[in-house]
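Have a look at the structure below before the remarks.
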Amino acid sequence: MLIQIKNIRIVDPTCKIDKVGDIFIENGKIVDKLSDKPEKIIDGKNKVAVPGLIDVHSHLREPGQEEKETIKTGTMAAAKGGITTVFCMPNTKPVTDNAPSVEYILMKAQKEGKVNVFPIGCITKGSQGEELAEIGILKKAGIVAVSDDGVPVANSQVMRRALDYTKMFDLAVISHCEDKQLSKNGVMNAGKNSMIFGLRGIPNQSEEIMVSRDIMLCELTGGKLHIAHVSTAGSVELVRQAKKKGLNVTCETCPHYFSLTDDYVQNYDTNFKMNPPLRTHKDVEAIKEGLKDGTIDCIATDHAPHTQEEKSKEFDNAPFGIIGFETALCLVLSELVDKKVLTFEQAIAKMTTNPAKIFSLDGRGTLKPGSIADITIIDLDQKYEFKKEDILSKSKNSPFIGRKFKGCAVMTIVGGKIVWTLKDGIIN
Amino acid sequence: MSFNRKDLLGLEHLDKKEIQTIIDAAKPFKNMFTRSIKKAPALIGKTVVTLFCEPSTRTRTSFEIAAKRLSADVVSIAPKTSSFVKGESLVDTAKTLEAMKADIIIIRHTCAGAPELLAKNLNASIVNAGDGFHEHPTQGLLDLYTMYDKKKKIEGLKVLLVGDILHSRVARSNIWALTKFGAKVRVVGPPTLIPKRISELGVEVYYDLDEAIKDVDVVNILRIQMERQQGGFFPSIHEYNELYQVTEKRLAKAKPDVLIMHPGPMNRGIEIDSEVADSPASVINEQVTNGIAVRMAVLHLLALARNKQGRKHTC
Ligand SMILES: [Zn+2]
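Each protein sequence line maps, in turn, to chains A and B.
Sequential numbering of the first sequence, starting at 22, is according to our numbering.
Sequential numbering of the second sequence, starting at 215, is according to our numbering.
This is the structure we're talking about:
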């Protein structure tokens, strides 16, 4: 299909472009000009085209927990959020520590997925933290990174080997940083609120001790370390210092860590329970500072769907995690761009260019001619209320239900195909 | 009358007036106990359910007596032993109770926030009989009532809470109630059992019992759970006794008319010396009696508030 997007503001952080012009799509690629008359013309007036958003941290739950989410519903939700590529964490049932599991996810995504799905493989067999998974074979099968997300690799020797071994594949090791002894039984941030609610707390240090250890192991091995879901001021500072030293460290944060604090955990609402937990105002400010000065490279969702039944348990017994695909861009625009923490271009870079670079995604995260036509079209003036009944994800566990936003995706194009528009929804 | 709540979940959000209303309402009930017929008709035709997801014979019995003395129909459910609710989620269990037209559900649960979860999902009135480390409002109220009864005034009283503050819902409910009435609250215990931010609730923190006990009007001794030692919060019961057991010798530093309180059940010879428990200063048994009166007051006020609400809905 030959597509022309006319008169659109084009923002591409890879080549520092911000201009009004036309985008041409042919054979799923972005081209300089079309070989024939366009079959479809999209009016881009008052809209912005950016490279398709890349979410490097999500849980699609398939295989094994299809009651929470499937590759089909998860990628529908992603498309609605303007996300064209999702990385899915390997803590499925069974875990993605073997080639057939990777192939299964890719096959399912091919058949039913609305956006690109890139699996992440386990660091260790069964994510048990003891022996390395067959990372070379997993890489051949199509993984883009390794992680035991959900749990840390507690044993420092094993983590050291992982960072060392993955160098030959140029794969990043994504680390869920948590000292499980320090956070034991904790369900929210350790602070005044946890004391009043009588809930066990998770101190910032349970994250920071592991961030610190992993940075040291990164220095020891020269491996490629990516720190998942940074939530504390201390972690931001540790990564900042590591980068100053020139270490091969990158990191991500999630929209909730710059939009919410533990003051929002009211009435034991389990939609505010996630791991790491919501922290304090001071941490939120430090996260914003880290985004601003480039310490934090990526914004990822940590999309973690859970059923209504699971989330309506006691706070102690409900699972950690919230969905994030459908609100991430809106939150970035309202909390970071509108509040002048980041420029629009800087914000977009953290969801496109930077992840593409860190995880070596050739031909993505850019609008350069020759690249894959993954494009997100945004209307910065579009008013959007996030309503429960409109959620496309199979699960509805979001703390942002009822929020009103200005600015959201209005069209998502994956590989040159329009997969979703605000007006028509998912396009089959 | 200033009590219009559907539920009693904790003392944090009650104002002084509401607490005073409960205390005042408890008094006539206590007087009733000396009469030969200890029964009032206030809850006739009402169904009160006790749902104790954490075992506690003391508190459950106290609530049951309170409800029965108000002529309510009382049903007790203990999920751990009852096949009625085995394997069912808390909300599902509670919905079943609601379908059986329970008017008031009294819940004890190991998880903080469990009563609030019920309150959000049900029309029945919920009474928190202790949730995790969060609150135990009727214990806080009966402690306040007992101090009020003995000292006539709470304002300016120096009250010391001894022991495991971190894991204590009794401590939290006491602190909320006492600080609202202008008492000077002190807490003492090993730093591992005192929450870091507790002073922000307006209490003074001590680690040395001999220092903390000086000139206090009330010593409220919290029960120490044996499993805290396994949790590594202190090295041994022996050392705990050495540092934090309330003894006659230590009590000599308090005011001469000091009151000794304990929410029970006591570990004699551990957090409290046996002599102290049986001394004239001890009001531990009176606390038990007052507990029934205060719980009657709570049930009665909730039932009145329900009736008012009910009328509002029909017109
Ligand atoms: Zn994680």
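All C-beta atoms, glycine included, are put in the ideal place defined by N, C-alpha and C.
With a threshold of 8 angstroms between beta carbons, His452/B makes no contact with chain A.
Spatial neighbours of Tyr359/B in its own chain (CB-CB distance under 8 angstroms, excluding positions within 5 residues in sequence) are listed in chain order as Ile237, Ala240, Asn504, Ala507, Val508.
Phe45/A carries a strand assignment under DSSP once its states are collapsed to helix, strand and coil. Secondary structure remark: continuous alpha helix (DSSP H) runs of at least 4 residues inside the region 278 to 361 of chain A, in chain order: 302 to 313, 329 to 332, 349 to 352.
In this structure, Ile320/A lies near Val353/A, with their beta-carbon atoms less than 8 angstroms apart. Using beta-carbon distances, Gly212/A counts as an interface residue toward chain B, with a partner under 8 angstroms. Per DSSP, the beta-bridge partners of Gln25/A are Phe45/A, Ile62/A.
Linking Glu60/A to Pro390/A through their CA atoms gives a straight-line distance of about 19 angstroms. As far as DSSP is concerned, Asn269/A takes part in no beta bridge. Around the CB of Asp445/A, fewer than 16 other CB atoms lie within 10 Å, so the residue is classed as exposed. Per DSSP, reduced to three states, the secondary structure at Asn176/A is coil, with no helix or strand assignment. Taking the Cα positions, Ile164/A is about 21 angstroms away from Phe346/A. By a beta-carbon distance limit of 8 angstroms, Ile368/B contacts Gly396/B. Their separation comes to about 6 angstroms. Pairwise C-beta distances place the region 196 to 209 of chain A in contact with the region 155 to 171 of chain A, as three or more of them are shorter than 8 angstroms. Taking the CA atoms as reference points, His80/A sits about 20 angstroms from Ser333/A. In terms of CA proximity to Ile319/B, Leu332/B leads the group Ala326/B, Leu332/B, Gly327/B, Cys325/B. Pro329/B sits in a helix when the DSSP states are folded into three classes. By alpha-carbon distance to Thr328/A, the top candidate from Glu90/A, Glu229/A, Lys378/A is Glu90/A.
Gly219/A sits buried, since 16 or more C-beta atoms from the chains shown fall within 10 Å of its C-beta.
Here the distance from the Cβ of His197/A to the nearest heavy atom of ligand 1 is below 7 angstroms. Annotation: the continuous beta strand (DSSP E) that includes Thr433/A extends over 425 to 435. Under the Cβ criterion of 8 angstroms, Ile422/A is not counted among the residues facing chain B.
The C-beta distance from Phe45/A to Val77/A rounds to 28 angstroms, too long to meet the 8 angstroms contact threshold. Between the beta-carbon of Asp424/B and that of Lys467/B there is about 7 angstroms, and that keeps the pair under the 8 angstroms contact cut. Each of Asn225/A, Asp235/A, Asn269/A was checked against the Cα of Thr253/A, and the nearest Cα belongs to Asn225/A.
In terms of Cβ geometry, Met295/A and Ala325/A form a close pair [threshold 8 angstroms].
DSSP places Gly95/A within a helical segment (H, G or I) once states are collapsed to three. Among the residues of the region 319 to 336 of chain A, those with a Cβ less than 8 angstroms away from any Cβ of chain B are Glu330, Ser333, Lys334, Glu335, Phe336, in the order of the chain. Listed by position along chain A, the residues whose Cβ is nearer than 8 angstroms to that of Val419/B form an empty set, because the closest Cβ is around 12 angstroms away. With respect to the 8 angstroms criterion, Ala517/B and Ala256/B are classified as neighbours on the basis of their beta carbons. Within the same chain, and ignoring the five residues on either side of Phe448/B in sequence, the residues whose Cβ sits closer than 6 angstroms to its Cβ are Pro404, Tyr454. Between ligand 1 and Ala100/A, a heavy atom-to-CB distance of less than 7 angstroms is absent. Approximately 11 angstroms separates the beta-carbon atoms of Lys264/A and Val257/A; this is outside 8 angstroms, ruling out the contact. Within the region 403 to 433 of chain B, those residues whose Cβ lies closer than 7 angstroms to any Cβ of chain A are, in chain order, Pro409, Arg411, Ile412, Glu414. Taken atom to atom, the span from the alpha-carbon of Gly342/A to that of Lys372/B is near 44 angstroms. Relative to ligand 1, the beta carbon of Asp170/A is positioned inside 7 angstroms of a heavy atom.
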